[in-house]
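Colleague:
In mature numbering (1 follows the signal peptide of the UniProt record, and there is no 0), the protein residues as written are -20 to -1, 1 to 540.
(1) Span of the beta strand (DSSP E) holding residue 228?
(2) Quick test of your reading: residue 49 and residue 25, contact by CB under 8 angstroms. State the CB separation rounded to the nearest angstrom.
(3) Is the distance from the Cβ of residue 194 to the Cβ of residue 223 below 8 angstroms?
(4) Buried or exposed: residue 141, going by 16 or more other Cβ atoms within 10 Å of its Cβ?
(5) According to the neighbour-count rule (16 or more other Cβ atoms, all chains shown, within 10 Å of its Cβ), is residue 409 buried or exposed?
(6) Whose CA, out of 177, 171 and 185, lies closest to the CA of residue 209?
(7) Counting only runs that start and end within the segment 49 to 136, where is the beta strand (DSSP E) found for 3 or more residues in a row?
(8) Residue 137: which of 167, 87 and 43 sits nearest, CA to CA?
(9) Is the segment 268 to 276 close to the segment 359 to 369, with three or more CB pairs under 8 angstroms?
(10) Assuming residue 289 and residue 332 form a contact by the criterion Cβ under 8 angstroms, report the distance between their Cβ atoms to the nearest whole angstrom.
(11) Could you spell out the range, first to last residue, of the beta strand (DSSP E) harbouring residue 266?
(12) Please name the residue, chosen from 105, 330, 278 and 201, that lies closest to residue 148 on a Cα-to-Cα basis.
(13) Within a Cβ cutoff of 6 angstroms, which residues of the same chain sit near residue 294, ignoring the five residues on either side of it in sequence?
(14) Look up residue 202 in the DSSP assignment and give the residues it is bridged to.
(15) So, is residue 291 buried or exposed, given that buried needs 16 or more other C-beta atoms within 10 angstroms?
(16) Using DSSP with H/G/I as helix, E/B as strand and the rest coil, what is residue 138?
(17) Figure out for me which residue from 80, 128 and 79 has the closest Cα to the Cα of residue 43.
(18) Relative to the C-alpha of residue 66, which candidate in 89, 60, 73 and 322 has its C-alpha closest?
(19) Does DSSP classify residue 558 as helix, strand or coil?
(20) How far does the alpha helix (DSSP H) with residue 380 in it extend, from its first residue to its last?
(21) How long is the line joining the alpha carbons of residue 217 and residue 387, rounded to whole angstroms?
(22) Which one or two residues does DSSP pair with residue 39 in a beta bridge?
(23) Are the Cβ atoms of residue 39 and residue 68 separated by less than 8 angstroms?
(24) Any chance the segment 390 to 404 sits against the segment 260 to 271, with 3 or more Cβ pairs inside 8 angstroms?
(25) Please state whether DSSP places residue 45 in a helix, a strand or coil.
(26) So, helix, strand or coil for residue 242, using DSSP?
(27) How far does the alpha helix (DSSP H) with residue 330 in it reach, from first residue to last?
(28) Using beta-carbon positions only, say whether residue 280 and residue 261 come within less than 8 angstroms of one another.
(29) Leaving out the 5 sequence neighbours to the left and right, which residues in its chain are closer than 6 angstroms to residue 516 when beta-carbon positions are compared?
(30) In the structure shown, what three-state DSSP assignment does residue 364 receive?
(31) By the DSSP assignment, the alpha helix (DSSP H) with residue 423 in it spans what residues?
(32) Are residue 130 and residue 144 close, meaning C-beta to C-beta below 8 angstroms?
(33) With DSSP collapsed to three states, give me the class of residue 385.
(34) Given that a residue counts as buried once 16 or more other Cβ atoms are within 10 Å of its Cβ, and exposed if not, what is residue 60?
(35) Please report the distance separating the alpha-carbon of residue 124 from that of residue 192.
(36) Assuming contact is defined by CB atoms lying nearer than 8 angstroms, are residue 182 and residue 100 in contact in what I supplied?
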């Protein structure tokens, strides 16, 4: 029979999960009883739980929270403030993180939200907001599940409105979740994995479902005809009825007939738990790739300085000299402390490189490529849920030069175009590309068309080869995807190939979040391998920096 101590621990864990945050009951009570008014103060120590997107030479910021700060007595004036305005900063002029001005788009709707995704449609100058959960477990945002859009005017402003689906019957069966990965690729908004709770969808009450219900599946939204679809993400998460959360998805152009989606980091969880202790961290030595047009999954082993598994990271991709380089920064592993390392995965060689650079440790940050060769990083915290430590960056903004691999406080609109760094080029020129062990003919056709580096590698040759081989899919070995080291055992590869070929033949759209629960889990290897240049940064004492704004915030009332 369970003792009192064990029962208390279980109840506390359940309350923590039910919040949708993982915070302690004491912190939840403090957040609920504090005065959350974003009109005061205008200084803050940390920003996190938000989403960003680039549109029309502006970086837009939606959702999330900041920790209010009182400069007079050097104290926090509350726990955190939900952001209930849309912000943007300019990218058509240079600035520093102390001089840049945040412009506000005041809004009555939609409600404040965390752990969401923001899609940008450059063709129509439109932003889309999808997913997320209410601050502190607030269920108000979960009452109306909608896709919100804002068509941006020439001056960067606009009004948020609900975008209805053309297949509304299908959309009405979709559950809204949080902490899924998102990107825009080939005119589709993609949302992978995540979990649902009573703070994300009112239909998911804690009396009927687990505190965090896994939402396996890949939601896609066609920005042209306004149709939704849901595809299987079993290759990302083989655990029965579980899901993949807190990772990153990037749209990578230039390989094959259309762009491909790369998934990085994150964790896979079973249906019975969303706790980090019960999860498997996705291994960076095995890269999962999705074709959004053909609805096919691929995998490819990656070598080099493979970073350790992590969640709540940020990642960006940038085209170089016959390469496409994916930079991964920060995040959190099982230590629950933020990581500070930066690694880069170079495509088509699928080789990891660890950067020898001192960085600020942070988790739950966002990042994007700005200008031609800089990575902008916004927000982040040191650990869950440490909002009190001072951010060493003014206004929680950092700039990383992708050409020089150096940090800066300045965004330079005239920065040089990105060129593949010598460290990466040297690997290719020394014959590293010829050592890649391709997972199958189809993946080799996409990325392995070169016989030498760098003379014969080009986007056009890769695309032509992929097009020519697309008709021979019956012999394509599509193996296991999630995080394991692919050992090269022929029998295992054959089993995986047979299974996925059969699944493509018999695939169907999924609307029930538990529909994958009966699928046989794949035998996968998960590695929590360590990598160099990781660590926790010592707290830095800095003077707070005032956030420019017009002060027209509206208070947000949360239930007690």
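All C-beta atoms, glycine included, are put in the ideal place defined by N, C-alpha and C.
Modeller: Inspection of the coordinates gives the following:
(1) 223 to 232
(2) 5 angstroms
(3) yes
(4) exposed
(5) exposed
(6) 171
(7) 65 to 70, 83 to 86, 97 to 101, 106 to 110 and 127 to 131
(8) 87
(9) no
(10) Going by Cβ atoms, the distance from residue 289 to residue 332 rounds to 13 angstroms, so no, they are not a contact pair.
(11) 266 to 271
(12) 201
(13) 309, 345, 346 and 347
(14) 168
(15) buried
(16) coil
(17) 128
(18) 89
(19) Residue 558 falls outside the range modelled here, since the chain spans only -20 to 540, and no answer is possible.
(20) Residue 380 -> not in any alpha helix (DSSP H); beta strand (DSSP E) instead, spanning 377 to 381.
(21) 35 angstroms
(22) 34 and 69
(23) yes
(24) no
(25) strand
(26) strand
(27) No alpha helix (DSSP H) holds residue 330; DSSP gives it neither H nor E.
(28) no
(29) Bear in mind that a pLDDT of 36 at residue 516, under 50, signals an unreliable position, so the model cannot answer this.
(30) coil
(31) 421 to 427
(32) no
(33) coil
(34) buried
(35) 19 angstroms
(36) no
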